[in-house]
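S.K.: For reference, the structure I am asking about is given below.
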Amino acid sequence: MKVALNILVAFVLMYWPIVLMMSPMMFDAPGSQNKRDVVLTVTLVLCYPIIIFALYWLFGLHFFGVAPDKALLVASVVVISAILFFGYGKLLMYSFRGIATSGYSIAKGQVYFDGLAIDADADSFKPLVQGDSDRFVYAADKNHVFYAGKALKIEDPTTFRPLNNDDQTGDGYLAGSDEYWTDGTSVFLAGRALEGATPHGFSVADDIFSGPFAYWHSESASYVYFAGEILPSVDANTHQVLHGHISKDAQHIYNGAELILPEADAMSFSLLENDTTIGIDDQAVYNVLYRQSGKIEGADPASIVAFDRGYLKDAKRVYYRQQWDPVEVLSGADPQTFEVTGWVEATDSEARDANNLYRDGKVVGPNTPDK
């Protein structure tokens, strides 16, 4: 009976390292690391080896010949060390003190951010945005506005607010999003004032595919911003966001703040509608893969078509590319009959033409009528 019990306990203990490694997933819900009941539950679950060997000690049972007091001591040292290493001891201590380890909190007249005390007036302190998470990055008291716990240089905290869809420029463009804030004089992103920008004349890219681009226009100057930084070489009057971080002006093409594809004609350059990692101009086809961007030699921009699974074709050739690898020409492939079928288990293939079957850019067999 005792042997069977020890075997069962050994089997249960084998899962403890897995439980430990997966324990951070118990804090997936926003703000859960600041909730005392969640932190306490996770800690108690991780302590089950201590509970088991405490029962062994209580009933005087040996674990495969190991004395119960020694087994309890070893289990306690291992479990407590792991709990402290993963930071759960700190979470537990702070949760009982009412201090949040993520975001802002007030405990006993002291304001904290991420568990660290900050110099703020507790009586007038409040977060400025509340959402699904309790990690509010903007907050204010009667004297200051705070971003991530640091005071900003703003004279009147009551003027600080997000730019939103109700704010419009003289041209009627939306003046901002909830990422951008203003004190009436400057525009802020992530707690930093954008160089040269004022609320009047400021606008952001107007769709979810336009990335972190923003604009400021006045009679005397115009700027393009990427992630809050001015792009000094970009012509704001001709700048156009193509997709995500990819944009162009009348002269150049950019990935964020970096110039790419200097050989391409910016005026005629565009991205394929069904594959925004392929670009074309009047003369050539291009891989648009950030710093790996480059011309696809020999490809025809007038007839290029992009398929799933990395395949392309034009009127004369079929091409294959995989992630960051150079584009390959599928020698012998017939572009007139080539198509991507998706995974076909019976033939272990994903594409075909009149003659062959293909997988991962390689011929895997002939395309016979019965296939």
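When the count follows numbering that gives the first Met the number 0, it moves up by one through the sequence shown with no breaks and lands on 370 for the last residue.
Using N, Cα and C, we set each Cβ at its ideal position, and we do this for glycine too.
Is residue 189 helix, strand or coil by DSSP?
M.R.: The answer is coil: DSSP assigns residue 189 none of H, G, I, E or B.
S.K.: Does residue 248 pass the burial test, meaning 16 or more other C-beta atoms within 10 Å, or should it be called exposed?
M.R.: By the neighbour-count rule (16 or more Cβ atoms within 10 Å), residue 248 is buried.
S.K.: In terms of residue numbering, what span does the beta strand (DSSP E) encompassing residue 383 cover?
M.R.: This structure gives no information on residue 383, because the portion of the chain shown stretches from 0 to 370.
S.K.: Any chance you could list the beta strand (DSSP E) runs of at least 3 consecutive residues sitting entirely within the segment 41-121, in chain order?
M.R.: DSSP runs (the beta strand (DSSP E)) wholly in the segment 41-121: 103-106, 109-112, 115-117.
S.K.: Given a cut-off of 7 Å, decide if residue 158 and residue 182 are closer than it, judged by their beta-carbon atoms.
M.R.: Yes, they are a contact pair.
S.K.: In terms of residue numbering, what span does the alpha helix (DSSP H) encompassing residue 343 cover?
M.R.: No alpha helix (DSSP H) holds residue 343; the beta strand (DSSP E) holding it covers 338-343.
S.K.: Would residue 229 pass as a contact of residue 257 if the rule is Cβ separation under 7 Å?
M.R.: Going by C-beta atoms, residue 229 is not nearer than 7 Å to residue 257.
S.K.: Going by DSSP, which residues form a beta bridge with residue 202?
M.R.: 214, per the DSSP bridge assignment.
S.K.: Closer than 7 Å by C-beta to residue 124: which residues in its own chain qualify, once you throw out the five before and the five after it? Chain order, please.
M.R.: Only 105, 110, 138, 140 meet the Cβ criterion.
S.K.: With DSSP run on the structure shown, which of helix, strand or coil describes residue 358?
M.R.: Looking at residue 358 - three-state DSSP - the assignment turns out to be strand.
S.K.: Can you tell me which of 289, 8, 37 puts its alpha carbon nearest to the alpha carbon of residue 324?
M.R.: Checking every option, the nearest Cα to that of residue 324 belongs to 289.
S.K.: For the segment 240-275, which segments carrying the beta strand (DSSP E) assignment without a break, of at least 3 residues, lie completely within its bounds, in sequence order?
M.R.: List check, beta strand (DSSP E) in window: 245-247, 252-254, 257-259, 269-271.
S.K.: Are the CB atoms of residue 70 and residue 62 within a distance shorter than 7 Å?
M.R.: Contact: yes.
S.K.: Quick one: residues in its chain with C-beta nearer than 7 Å to the C-beta of residue 46, no 5 flanking neighbours on either side, listed in chain order?
M.R.: So the list reads 78, once near-sequence residues are dropped.
S.K.: Could you give the DSSP three-state label for residue 225: helix, strand or coil?
M.R.: Reduced to three states, the DSSP call for residue 225 is strand.
S.K.: Does any CB atom of chain C fall closer than 7 Å to the CB of residue 44?
M.R.: Judged by its chain identifiers, the structure shown contains no chain C, having just a single protein chain.
S.K.: Measure the beta-carbon distance from residue 336 to residue 352 and round it to whole angstroms, keeping in mind my assumption that it falls under 8 Å.
M.R.: About 5 Å separates the two Cβ atoms, so the contact holds.
S.K.: If you drop the 5 nearest sequence neighbours on each side, which residues of the same chain put their C-beta closer than 7 Å to that of residue 95?
M.R.: So the qualifying residues of the chain are 35.
S.K.: Could you tell me the alpha carbon to alpha carbon distance between residue 270 and residue 252, rounded to whole angstroms?
M.R.: Cα to Cα, the separation comes out at about 11 Å.
S.K.: If you measure between the beta carbons of residue 64 and residue 93, is that distance less than 7 Å?
M.R.: No, they are not a contact pair.
S.K.: Once DSSP output is grouped into helix, strand and coil, what is the label at residue 293?
M.R.: Correct three-state label for residue 293: strand.
S.K.: Does residue 277 come out as helix, strand or coil in the three-state DSSP assignment?
M.R.: Reduced to three states, the DSSP call for residue 277 is strand.
S.K.: Which stretch, first to last residue, makes up the beta strand (DSSP E) that contains residue 230?
M.R.: That residue, residue 230, is in no beta strand (DSSP E); it is neither H nor E in DSSP.
S.K.: What number of angstroms, rounded off, separates the C-alpha of residue 30 from the C-alpha of residue 101?
M.R.: If I take the Cα positions, the gap works out to 7 Å.
S.K.: Within a Cβ cutoff of 6 Å, which residues of the same chain sit near residue 213, ignoring the five residues on either side of it in sequence?
M.R.: Here the set comprises 203, 224.
S.K.: When DSSP labels each residue in this structure, what does residue 4 get in the three-state scheme?
M.R.: Note: residue 4 maps to helix in three-state DSSP.
S.K.: Hey, how far is the Cα of residue 6 from the Cα of residue 0?
M.R.: Roughly 10 Å between the two C-alpha positions.
S.K.: In whole angstroms, give me the CA-to-CA distance for residue 280 and residue 267.
M.R.: Taking the straight line from one Cα to the other gives about 5 Å.
S.K.: Would DSSP call residue 180 helix, strand or coil?
M.R.: Three-state DSSP puts residue 180 in a strand.
S.K.: Consult DSSP for residue 311 and reduce its assignment to one of helix, strand or coil.
M.R.: Three-state result, residue 311: strand.
S.K.: Do residue 200 and residue 215 have their beta-carbon atoms positioned less than 7 Å apart in this structure?
M.R.: Yes, the Cβ-Cβ distance between residue 215 and residue 200 is below 7 Å.
S.K.: Per DSSP, what are the beta-bridge partners of residue 331 in this structure?
M.R.: Residue 331 is not bridged to any residue.
S.K.: Span of the beta strand (DSSP E) holding residue 144?
M.R.: That run of the beta strand (DSSP E) goes 144-146.
S.K.: Going by DSSP, which residues form a beta bridge with residue 364?
M.R.: DSSP output for residue 364 lists 356 as bridge partner(s).
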